[in-house]
Amino acid sequence: MKIKDFWQVNPVVFICTIIVKLLAPALALLNTQVGIYQVDAIQQVSLPKFLKLTALSFVLLVVSYLIEYLFDYILAKQKERYKKIIRAKIVSHLCYTKQEYTIAQIQNFLTNDLIQSEENYLDAFFKLVSGIGYFVSALVLLFTIHWAMLIVISLMVIVSLLLPKLIARPLQKAMMTISASNKNYLDTIRSWLTGIEELQRYFAGNHLFAVLSKSSQKLENANVKETGIKQYLKFVNEVSSQVMLLLLYAVTGYLIITKQIAFGVISVVSDLKYYLTSGIEMITEARGAMIGVTDLNRQIEDLVIPVIKQEEANVGLEEVDEIITADLQMAFPNGESLQLPDIKVKPGQKILLTGESGVGKSTLLKILAGELRPSSGHVIYCGRHGNLAHPDLSTIGYLPQNAVLFPASIVDNITMFDDNLAPMVPEWVKDMQLQQDIDEQKLNLQTKLDLNKTNISGGQRQKIVLARALIHQSRIILVDEGTSAIDEQATIKILRKIMATDASVVFIAHNLNPEMKQLFDYELHFFRNNNKIKANIIANIAI
């Protein structure tokens with residue numbers, strides 16, 4: 001977060017808020033000066049003068065509170081607008097960056113990190129402005145009373161402003177520890193709660209509680225440490241202000257006795273002390289908080305840097321028409337590796353991949369789609385004229401095993417928010433055998449998908465993503481178990497529609513009957529031979 005960027009959200013509101021943050025303390029100190037005159041009026045036994053000054057004091061208090069609370073509300077709205085802008089930039093960055101982040105990291109970026117930055121930077125900045133307002137107003141009032149009191153306060157300021165340097169680095173470290181601990185906690189929750197049914201089945205809930213308790217304890221410890229550092233700063237501030245207050249009372253008493261200042265000053269010394277110490281504490285605490293959040297702000301700044309969008313990055317790239325693989329090998333973190341067979345996907349070919357689990361079928365599709373980078377070997381992409389192409393991988397339609405849907409309407413999930421494709425949706429919904437499901441469930445194309453309550457079945461999810469791939473007219477379509485949850489009657493109709501397209505299709509499936517398999521040009525059956533994966537060609541129709 002940056003003050004300059006926050007100012008640009010609404011410069012008028014920002015400037016007015018700064019003025020109010022400075023004006024409110026000035027009104028409070030003006031009210032304190034009125035208090036001096038009230039005491040003098042009592043000493044002079046002047047009731048009319050006292051009542052007038054009391055009325056003026058009341059008006060100053062009301063005006064001060066009203067304008068401050070009003071602009072705090074307006075400021076809160078501006079902060080929400082600013083966070084919305086930052087979140088949009090972060091989401092855009094995460095969408096187009098090549099760097100991978102976990103779900104827990106993304107959640108942390110969009111929630112905890114922004115809250116931490118808001119509280120310790122934006123809020124601290126305006127707290128700093130208010131502190132300056134109290135300090136300067138008190139300084140002016142003290143100067144008008146007597147210069148000796150000003151000297152005492154100057155000593156207090158010098159001491160207080162040096163204090164944040166003592167804990168700046170520990171506070172920065174504490175902030176980053178909270179961010180990391182929160183990410184780790186979210187990661188732990190995600191990792192364990194995805195298998196909650198298995199834990200319930202085997203009565204292993206106690207272990208879940210133990211793991212979550214251990215992870216949450218680290219987050220609690222990080223928050224406690226941060227609080228401890230802040231409290232330490234507050235304690236040091238309080239001690240220094242109390243010492244200086246004793247000196248202030250001594251000087252005030254001397255000046256009253258020697259008749260250099262009015263008697264009424266003695267009644268507001270505590271108020272002067274309050275405003276001065278409040279101003280100093282606000283300045284030092286805000287300054288310390290802003291320094292402490294520097295690393296976190298730098299991380300947020302990195303996340304809002306624009307990334308070249310896919311369509312812009314693809315300028316000059318060619319649509320892929322043919323894929324050839326050679327000597328592909330994939331090594332995994334657990335030490336295992338797969339040496340995949342060479343394949344060639346010609347224009348318009350329909351290839352079925354079969355074989356038991358773990359023989360690299362899904363891995364091969366991910367490599368072809370550019371989702372995975374092989375440890376060794378080559379993937380050769382050819383353009384429409386048979387030339388070697390700089391591939392535009394976004395034109396390859398890839399359907400992973402887990403159908404990815406969004407909490408949007410059925411039509412938006414098919415078109416991926418491209419309104420130009422909307423007129424073609426009804427046809428593809430019908431071809432993918434989805435229309436009957438929609439009619440039976442009394443849904444429509446504008447029905448919003450509820451991903452939490454899952455208002456559609458697994459088969460319907462697959463039909464939607466199949467329609468998505470086909471409506472975008474990809475020349476190469478890679479399907480990983482894309483009909484596993486669809487009944488046989490609908491599956492063969494869907495396959496016939498897919499095979500009728502001009503696209504090259506590589507289709508992984510385990511449950512196809514002989515009639516379905518005959519729709520493909522040929523079947524590649526993967527099997528393991530020692531550390532190598534080999535492929536036999538079955539039912540060769542056209543190679």
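So that you can map any letter, position 68 of the sequence shown is 68 in UniProt numbering, and since no number is skipped, the others follow by simple counting. Every residue gets a Cβ at the ideal spot worked out from N, C-alpha and C, and that includes glycine. Owing to the predicted nature of the structure, the values given are computational and were not obtained by experimental measurement.
(request) Using DSSP bridges, identify the partner residues of Gly-397. (result) Bridge pairing for Gly-397: Ile-477 [DSSP].
(message) Please classify Asn-513 as buried or exposed, where buried requires at least 16 neighbouring CB atoms within 10 angstroms.
(response) Asn-513 should be labelled exposed.
(message) Using a 10 Å radius around the Cβ and a threshold of 16 neighbouring Cβ atoms, would you call Trp-147 buried or exposed?
(response) A residue is called buried once 16 or more other Cβ atoms fall within 10 Å of its Cβ, and Trp-147, having fewer, is exposed.
(request) Grab the span of the alpha helix (DSSP H) containing Tyr-37 for me, first residue to last. (result) Looking at the DSSP string, the run of the alpha helix (DSSP H) that includes Tyr-37 is 11-43.
(request) Using the Cα positions of Asn-413 and Asp-437, report the straight-line distance between them to the nearest angstrom. (result) Asn-413 and Asp-437 have their C-alpha atoms some 16 angstroms from each other.
(message) For a quick check, are the C-beta atoms of Val-425 and Leu-443 less than 8 angstroms apart?
(response) At the C-beta level, Val-425 and Leu-443 stay beyond 8 angstroms of one another.
(request) Return the residue from the list Glu-238, Asn-402, Ile-476 that minimises the CA-CA distance to Thr-501. (result) The residue among Glu-238, Asn-402, Ile-476 with its C-alpha nearest the C-alpha of Thr-501 is Ile-476.
(request) Within the same chain, show all residues whose beta-carbon is closer than 6 angstroms to that of Thr-17, passing over the 5 residues directly before and after it, in chain order. (result) Cβ neighbours of Thr-17 beyond the five flanking positions: Phe-71, Leu-75.
(request) Per DSSP, which residues does Leu-338 bridge with? Please list them. (result) Beta-bridge pairing links Leu-338 to Met-330.
(message) Using the three-state DSSP reduction, which class does Phe-50 fall into: helix, strand or coil?
(response) It is helical.
(message) What does the alpha-carbon distance come out to for the pair Gly-459 and Leu-524?
(response) If I take the Cα positions, the gap works out to 25 angstroms.
(request) Less than 8 angstroms between the CB atoms is what I'm expecting for Ala-467 and Met-432, so what's the real figure, rounded? (result) Ala-467 to Met-432, Cβ: 5 angstroms. Contact.
(message) Beta-carbon within less than 8 angstroms of Leu-421's beta-carbon, same chain only, minus the 5 sequence neighbours each way: which residues are those?
(response) Only residues of its own chain outside the window of five on either side were considered, and among them Ile-414, Thr-415, Ile-471, His-472 have a CB closer than 8 angstroms to the CB of Leu-421, listed in chain order.
(request) Look at Ala-331 and Ser-362 and say whether their C-beta atoms are less than 8 angstroms apart. (result) No, they are not a contact pair.
(request) Within its chain, find whatever has a CB closer than 7 angstroms to the CB of residue 550; leave out the 5 residues flanking it on each side and keep chain order. (result) The requested residue 550 is not part of the displayed model; the chain covers only 1 to 543.
(request) Identify every residue that forms a DSSP beta bridge with Thr-447. (result) Thr-447 pairs with nothing; no bridge assigned.
(message) Please identify the residue among Phe-6, Asn-452, Met-149 whose C-alpha is closest to the C-alpha of Pro-407.
(response) Of the candidates Phe-6, Asn-452, Met-149, the residue whose Cα lies closest to the Cα of Pro-407 is Asn-452.
(request) With a 10 Å radius around its C-beta and 16 neighbouring C-beta atoms as the bar for buried, classify Phe-417 as buried or exposed. (result) Exposed, because fewer than 16 other Cβ atoms sit within 10 Å of the Cβ of Phe-417.
(message) Using the Cβ count rule (16 or more neighbours within 10 Å means buried), how would you classify residue 545?
(response) The shown model of the chain, from 1 to 543, leaves out residue 545, and the question about it has no answer.
(message) Suppose only complete runs of 4+ residues qualify. What are the alpha helix (DSSP H) ranges in the region 260-298, listed by chain order?
(response) If we require 4 residues or more, the alpha helix (DSSP H) runs fully inside the region 260-298 come out as 265-292.
(message) Is the separation between the beta-carbon of Leu-114 and that of Lys-83 shorter than 8 angstroms?
(response) Yes, Cβ-Cβ distance for Leu-114 and Lys-83 is below 8 angstroms.
(message) On the CB-based measure, 16 or more other CB atoms within 10 Å of its CB, does residue 545 come out buried or exposed?
(response) Here the chain covers residues 1 to 543 and nothing more, so residue 545 does not appear.
(request) Tell me, please, which residues DSSP counts as bridged to Thr-325. (result) Thr-325 pairs with Val-379.
(message) Can you look up Trp-7 in the DSSP assignment and give me helix, strand or coil?
(response) The three-state secondary structure of Trp-7, taken from DSSP, is helix.
(request) Drop a sphere of 10 angstroms on the beta-carbon of Gly-316, count the other beta-carbons inside from all chains shown, and report buried for 16 or more, exposed for fewer. (result) Its pLDDT being 41, under 50, Gly-316 is placed unreliably by the model, and nothing is read from it.
(request) With DSSP as the reference, label Glu-356 as helix, strand or coil. (result) Three-state result, Glu-356: coil.
(request) Tell me, to the nearest whole angstrom, how far the beta carbon of Ile-305 is from that of Val-379; I am working on the premise that it is less than 8 angstroms. (result) Not a contact, Cβ separation roughly 30 angstroms.
(message) Would you call the region 284-294 in contact with the region 118-127, where contact means no fewer than 3 C-beta pairs closer than 8 angstroms?
(response) Because the criterion of three Cβ pairs below 8 angstroms is met, the region 284-294 and the region 118-127 touch.
(request) Consider the Cβ of Ser-130: report whether some Cβ of chain D lies at a distance smaller than 8 angstroms. (result) Checking the listed chains, one finds no chain D in this structure; it contains a single protein chain.
(message) My assumption, with CB atoms under 8 angstroms, is that Asp-302 sits in contact with Gly-35. Please give the rounded CB distance.
(response) Not really, about 51 angstroms apart at Cβ, beyond 8 angstroms.
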